[in-house]
Amino acid sequence: MVILLRIHISLSKKDLNKHLFVCGLTGSGKTTTVKHILKSLTQNEGLPFLVLESAKRDYRQLLGDDVFKEKLNVFTIGDATVSPIKFNPFYIQKGVYPLVHIDYLKAIFNASFSLYGPMPHIVEKCLHSIYLKRGWNLTTGIHPNFVDKKGDDDKSRYDLQEHYYCFPTLTDLKDEVDKYVKNELEYKGELRDNIRTAIVARLESLCVGAKGLMFNTYDFYPLKDLLTNSTILEMENLADDDDKAFFVGLMLVLISEYRQRDNPAINPGRGDKELQHFIVIEEAHRLLKNVETERTSEMMGNPKGKAVEVFCNVISEMRSLGQGVAVVEQIPTKISPDVIKNSNTKIVHRLVARDDQSLLAGSLSISDDDALYLNRLNTGHALCHKEGMERPVECIVIDDVKSHAIGDDNYNIRRTKSDQKPLHSFETYELAALLKNDGKELAVKFLNSLCTIDSSNMQELVSLAEKELRKLLVRGNFHKRFNEMLFADYVTKQILELLSKGFYCKLHKFPENLKQTLSEVIKESDKKQHEKLRAYFRELWNISDVRTFINEVVKNLAVEYLKKKKAANYYWKC
35 MVILLRIHIS
45 LSKKDLNKHL
55 FVCGLTGSGK
65 TTTVKHILKS
75 LTQNEGLPFL
85 VLESAKRDYR
95 QLLGDDVFKE
105 KLNVFTIGDA
115 TVSPIKFNPF
125 YIQKGVYPLV
135 HIDYLKAIFN
145 ASFSLYGPMP
155 HIVEKCLHSI
165 YLKRGWNLTT
175 GIHPNFVDKK
185 GDDDKSRYDL
195 QEHYYCFPTL
205 TDLKDEVDKY
215 VKNELEYKGE
225 LRDNIRTAIV
235 ARLESLCVGA
245 KGLMFNTYDF
255 YPLKDLLTNS
265 TILEMENLAD
275 DDDKAFFVGL
285 MLVLISEYRQ
295 RDNPAINPGR
305 GDKELQHFIV
315 IEEAHRLLKN
325 VETERTSEMM
335 GNPKGKAVEV
345 FCNVISEMRS
355 LGQGVAVVEQ
365 IPTKISPDVI
375 KNSNTKIVHR
385 LVARDDQSLL
395 AGSLSISDDD
405 ALYLNRLNTG
415 HALCHKEGME
425 RPVECIVIDD
435 VKSHAIGDDN
445 YNIRRTKSDQ
455 KPLHSFETYE
465 LAALLKNDGK
475 ELAVKFLNSL
485 CTIDSSNMQE
495 LVSLAEKELR
505 KLLVRGNFHK
515 RFNEMLFADY
525 VTKQILELLS
535 KGFYCKLHKF
545 PENLKQTLSE
555 VIKESDKKQH
565 EKLRAYFREL
575 WNISDVRTFI
585 NEVVKNLAVE
595 YLKKKKAANY
605 YWKC
């Protein structure tokens with residue numbers, strides 16, 4: 035080790051682009067170190083950053099420094115009352131191949147939840163099924179909504195609101211798993227029920243409450259907005275480590291997919307990109323656990339270890355995409371060794387455990403005996419080692435970030451929002467979760483009637499449907515929050531969902547402004563808008579007569595209903 039007095043040790047953009055590992059005990063100065071780096075990036079380079087903060091809410095205090103005012107967004111993950119954000123995990127970004135995204139989703143579920151036996155296979159099978167039911171061709175990676183008349187990709191379709199309904203949701207996956215295990219899996223009795231319950235219960239936990247409003251949605255916060263503005267994602271309100279791991283894994287996947295579009299390997303002439311954005315992952319062991327990545331035996335796979343390896347590779351491959359990553363950890367032995375090995379720069383604060391010291395000794399180019407010095411480091415002191423250094427140096431981190439307590443009612447937190455208007459309100463998703471199949475049946479009746487009645491009867495139809503919906507809400511104690519705007523938003527969501535799969539889906543493009551027109555028809559019962567909506571339906575279904583098509587759909591629905599009924603439903607057993 036080398037101790038240099040009054041010598042500045044700095045990290046260049048090139049250093050940070052090759053990743054950073056910061057570790058040390060609680061209170062040893064890790065957060066201060068990272069805050070100083072973030073301030074330097076913002077003040078000197080004007081580079082945006084993203085902090086994935088698993089515990090505490092320390093980084094919001096950056097708002098107390100003038101450098102970050104009006105430049106920092108703070109989202110409260112798991113708390114819909116402060117500054118929420120929505121991500122549909124199944125949304126496929128422009129230019130991403132569907133099977134690649136499905137493989138990443140499989141890795142996220144395997145790394146986040148304790149799946150065993152046939153469960154990883156079941157999840158993968160059902161992931162394929164829900165995309166197929168939404169009209170995706172997984173062989174070609176094409177959906178009819180995103181192609182032009184010549185059959186070529188039409189990326190402009192991503193600019194329309196209607197395209198969000200081409201992607202499945204967590205509810206789709208949960209229902210598909212339930213159906214697959216019950217009807218198609220060859221397991222019987224208690225074993226089958228245990229497998230079904232284990233998977234469905236894990237998915238159900240992501241579909242309810244604030245987590246459901248964030249994950250079980252059609253909305254997708256634009257990655258461009260997220261990566262062009264400095265952002266903090268606070269996960270303190272996600273109490274379960276599995277949920278935190280799920281969210282961190284999802285963010286890494288989405289950012290990697292977004293960056294891959296500019297991959298110099300497939301874009302000749304671009305060359306390696308210098309640092310464009312910086313990610314900080316706090317308490318990364320929740321996702322990147324130190325687990326065995328190889329099979330435990332010839333007869334048993336290791337899905338969790340394999341998934342951790344996938345995410346370690348994702349992080350290591352981000353360098354060439356201009357994406358720097360800082361992994362911050364209290365206990366180095368908890369995290370996958372690959373993360374430490376793939377970090378170009380190490381900043382090590384005080385460590386007292388012998389196994390932690392020995393693990394870092396090799397990366398710092400010191401002996402195990404020299405590593406004992408890590409136990410004697412004062413708060414704010416750290417050993418720093420980066421490319422080109424033969425030995426680490428002890429340095430004192432500059433604490434130059436002004437900070438003070440920032441409450442949830444702070445304006446700078448409350449103002450955090452996207453320029454993109456949400457597809458639906460939080461209340462609409464709550465209502466859908468409450469009504470479940472009853473709400474779907476009401477939407478089916480409304481859509482069938484909407485397509486077959488005269489325009490002069492529109493107001494009566496809306497009144498009947500609203501009255502029926504109010505009856506359903508009495509038992510759920512939701513009726514006090516119910517109003518006409520919520521009714522229109524809810525029915526619009528349910529109908530667009532029907533049009534994207536099942537009997538109402540004919541694998542044609544969604545007409546532009548379909549969502550807006552449908553919503554206006556429900557709100558205003560306007561005759562002209564009703565006729566315009568019917569024209570959209572004719573275009574969507576590629577038909578000349580809407581009534582004939584709907585009558586055929588109703589026949590198919592009736593047959594499907596009878597198929598599901600068991601013989602016991604048709605007579606009494608005495």
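Residue numbers (my numbering): 35 to 608.
Just so you know, even glycine gets a beta-carbon here, dropped at the ideal spot from N, CA and C.
Remember, it's a predicted structure, so these values are computed and weren't measured experimentally.
In the structure shown, D227 falls within a helical segment according to DSSP collapsed to helix, strand and coil. Around the CB of T67, 16 or more other CB atoms lie within 10 Å, so the residue is classed as buried. Between the region 339 to 353 and the region 276 to 291, the count of Cβ pairs shorter than 8 angstroms is three or higher; the stretches touch. Counted as a single uninterrupted DSSP element, the beta strand (DSSP E) harbouring I381 occupies residues 379 to 382. Contact check for K278 and S88: beta-carbon distance about 5 angstroms, within the 8 angstroms limit, so the pair qualifies.
Spatial neighbours of L398 in its own chain (CB-CB distance under 7 angstroms, excluding positions within 5 residues in sequence) are listed in chain order as K380, V382, L417, H419, P426. L591 and L484 have their C-alpha atoms roughly 17 angstroms apart.
Looking at the DSSP output, T265 shares a beta bridge with L84, N107. Of the candidates L172, V580, N271, P123, P123 places its Cα closest to the Cα of P256.
Around the C-beta of S553, 16 or more other C-beta atoms lie within 10 Å, and the residue is accordingly described as buried. For I440, there is no enclosing beta strand (DSSP E), as DSSP marks it with neither H nor E. Taking the Cα positions, L394 is about 19 angstroms away from T65. Per DSSP, E464 lies in no beta strand (DSSP E); the unbroken alpha helix (DSSP H) holding it starts and ends at 460 to 469. The three-state reading of DSSP puts H42 in coil, since its state is none of H, G, I, E or B. With 16 or more other CB atoms across the displayed protein chains lying within 10 angstroms of its CB, L465 is buried.
Taking the Cα positions, N491 is about 24 angstroms away from K589. If you check the CB distance, D390 and I365 come in under 8 angstroms. Counting of Cβ neighbours within 10 angstroms places I432 among the exposed residues, the total staying below 16. Where F124 is concerned, there is no enclosing alpha helix (DSSP H), because DSSP gives it neither an H nor an E.
If the five residues before and after S392 are omitted, its C-beta is found closer than 8 angstroms to the C-beta atoms of D402, A405, all from its own chain and listed in chain order.
Straight through space, the alpha carbons of N271 and L498 are spaced by roughly 41 angstroms.
Under the criterion of beta carbons closer than 8 angstroms, V362 and S377 do not qualify as touching, at roughly 11 angstroms.
Remark: three or more beta-carbon pairs, one from each stretch, lie closer than 8 angstroms, so the region 522 to 535 and the region 456 to 476 are flagged as touching.
With contact defined as three or more Cβ pairs closer than 8 angstroms, the region 182 to 197 and the region 307 to 320 are not in contact. The way I'd put it, the region 123 to 137 does touch the region 157 to 176; three or more beta-carbon pairs between them come closer than 8 angstroms. Ranked by Cα distance from V373, the first of D100, T115, F55, N144 is F55.
Taking C-beta atoms under 8 angstroms as the contact rule, E196 and F544 qualify, at a distance of about 4 angstroms. For Q550, the enclosing alpha helix (DSSP H) covers residues 548 to 558. Residues of the same chain with a CB within less than 8 angstroms of the CB of I229, apart from the 5 flanking positions on each side, are G151, P152, M153, I156, V215, L219, Y221 in chain order.
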